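Throughout, the numbering used here is defined as the position within the sequence shown, counted from one, plus 6.
Glycine residues also receive a C-beta, built at the ideal position from the N, C-alpha and C atoms.
This one's a predicted model, so the numbers in the text were calculated from it and none came from an experiment.
Accompanying notes for the structure given below.
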Amino acid sequence: MAEIVVALDVSSEDEALHLIDRLPDLRWAKIGPMLFLRAGTAVIKALKDRGVKVFLDLKWYDIPSAVSGAVEAALELGVDLATVHALGGAEMLRVAAKAKGSMRLAAVTVLTSYTPESFSEAVGRNTIELHREVSRLARVAVTSGIGAVVVSPWELGTMRSAVPKGTWLVVPGIRSPGAEIGDQRRTADPRSAAEAGATHLVIGRPIVRSDQPGVVYQQICETIG
Ligand code: C5P
Numbered sequence: 007m008a009e010i011v012v013a014l015d016v017s018s019e020d021e022a023l024h025l026i027d028r029l030p031d032l033r034w035a036k037i038g039p040m041l042f043l044r045a046g047t048a049v050i051k052a053l054k055d056r057g058v059k060v061f062l063d064l065k066w067y068d069i070p071s072a073v074s075g076a077v078e079a080a081l082e083l084g085v086d087l088a089t090v091h092a093l094g095g096a097e098m099l100r101v102a103a104k105a106k107g108s109m110r111l112a113a114v115t116v117l118t119s120y121t122p123e124s125f126s127e128a129v130g131r132n133t134i135e136l137h138r139e140v141s142r143l144a145r146v147a148v149t150s151g152i153g154a155v156v157v158s159p160w161e162l163g164t165m166r167s168a169v170p171k172g173t174w175l176v177v178p179g180i181r182s183p184g185a186e187i188g189d190q191r192r193t194a195d196p197r198s199a200a201e202a203g204a205t206h207l208v209i210g211r212p213i214v215r216s217d218q219p220g221v222v223y224q225q226i227c228e229t230i231g
């Protein structure tokens with residue numbers, strides 16, 4: 007069964023912990039730049055103390071030595087999963103993998119907010135087939151020693167042949183039918199993504215911005231059964 011990772015895209019540690027207290031069965035939480043810059047490393051410890059695994063999603067994309075230093079620091083803080091950009095290239099990914107210790111790293115392929123047109127425009131090339139680009143980046147990541155990839159639900163089908171069994175498939179862009187899509191573009195409902203092979207479903211606003219986060223969380227758990 008896929009794990010649910012709640013993206014704690016909130017502005018303070020208090021808000022994050024209040025939300026966690028309303029999700030008693032939660033096993034994984036994601037900390038992004040908004041919470042990390044406001045709450046600092048203390049929020050990592052606070053989550054770990056509550057028995058929640060921490061996904062630190064700062065999407066590192068820098069020269070190899072800088073990324074390797076960040077990975078070492080995350081390991082020291084007890085982070086369980088952290089992101090690097092696959093576009094950082096094989097050398098950056100290799101040194102990151104070497105520094106990761108017992109932590110797992112996930113390589114971001116093509117952000118779920120991109121369409122083929124907007125991605126092609128960003129990289130200055132003619133229309134790119136995103137599933138090919140995502141597979142290419144995923145292969146670079148796993149051959150460099152990275153054990154997880156972040157892909158949209160739309161690329162899950164092609165991942166089976168692109169990465170070895172056991173690679174975590176971390177999938178944002180999850181929306182239940184009728185939920186607001188916001189800035190996400192390549193989306194699917196939780197059940198379809200889980201059936202297509204996602205190992206971790208990353209869900210933020212549908213839970214975090216709900217008046218009843220516990221109810222929404224439970225409903226999602228039930229749909230992926
Ligand atoms: O609110 P929503 O469910 O769209 O949140 C998705 C989360 O997943 C956000 O925290 C975002 O940073 C993250 N994410 C993403 N696309 C990626 C990688 C991470 O949306 N490719």
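Mind checking which residues open and close the alpha helix (DSSP H) that includes residue i?
i: GLU9; result: That residue, GLU9, is in no alpha helix (DSSP H); its beta strand (DSSP E) goes 9 to 13.
i: ARG100; result: 96 to 105
i: SER50; result: The identity of residue 50 in the sequence shown is Ile, whereas the question assumes Ser. Where ILE50 is concerned, the enclosing alpha helix (DSSP H) stretches over 48 to 55.
i: VAL129; result: 122 to 129
i: ILE230; result: 219 to 230
Count the other CB atoms, across all protein chains shown, that sit within 10 Å of the CB of residue i; report buried if there are 16 or more and exposed otherwise.
i: LYS106; result: buried
i: LYS36; result: buried
i: ARG215; result: exposed
i: VAL129; result: exposed
i: ASP63; result: buried
i: GLY210; result: buried
i: GLU139; result: buried
i: ILE187; result: exposed
i: PRO183; result: exposed
i: PRO196; result: buried
i: HIS91; result: buried
i: THR173; result: buried
i: PRO170; result: exposed
i: SER241; result: Given a span of 7 to 231 for the chain in the structure shown, any question on residue 241 remains unanswerable.
i: SER158; result: buried
i: SER167; result: exposed
Please classify residue i: does DSSP put it in a helix, a strand, or coil?
i: ARG110; result: strand
i: ILE187; result: coil
i: ALA154; result: strand
i: VAL146; result: helix
i: ALA79; result: helix
i: VAL169; result: coil
i: ALA194; result: strand
i: VAL176; result: strand
i: LEU207; result: strand
i: VAL116; result: coil
i: VAL140; result: helix
i: VAL60; result: strand
i: ALA202; result: coil
i: GLU161; result: helix
Looking at the secondary structure, which residues open and close the beta strand (DSSP E) in which residue i lies?
i: LYS36; result: 34 to 37
i: THR89; result: 87 to 91
i: ASP68; result: Note, ASP68: premise wrong, no beta strand (DSSP E); not H, not E.
i: LEU25; result: Note, LEU25: premise wrong, no beta strand (DSSP E); alpha helix (DSSP H) at 19 to 27.
Look at the Cβ atom of residue i, then the Cβ atom of residue j, and state whether they are nearer than 8 Å.
i: LEU29; j: GLY231; result: no
i: LEU99; j: ALA52; result: no
i: ALA113; j: VAL77; result: no
i: LEU32; j: VAL12; result: yes
i: ARG191; j: SER74; result: no
i: SER18; j: ALA48; result: no
i: ILE134; j: SER124; result: no
i: LEU175; j: ALA204; result: yes
i: ALA8; j: HIS206; result: yes
i: GLY153; j: LEU111; result: yes
i: VAL156; j: PRO178; result: yes
My assumption, with CB atoms under 8 Å, is that residue i sits in contact with residue j. Please give the rounded CB distance.
i: ALA2; j: ILE180; result: Any answer about residue 2 is impossible in this case: the structure gives the chain only from 7 up to 231.
i: ILE10; j: CYS227; result: 7 Å
i: ALA88; j: THR115; result: Incorrect: roughly 16 Å between the Cβ atoms, too far for contact.
i: MET40; j: ASP15; result: 6 Å
i: GLU161; j: LEU136; result: 7 Å
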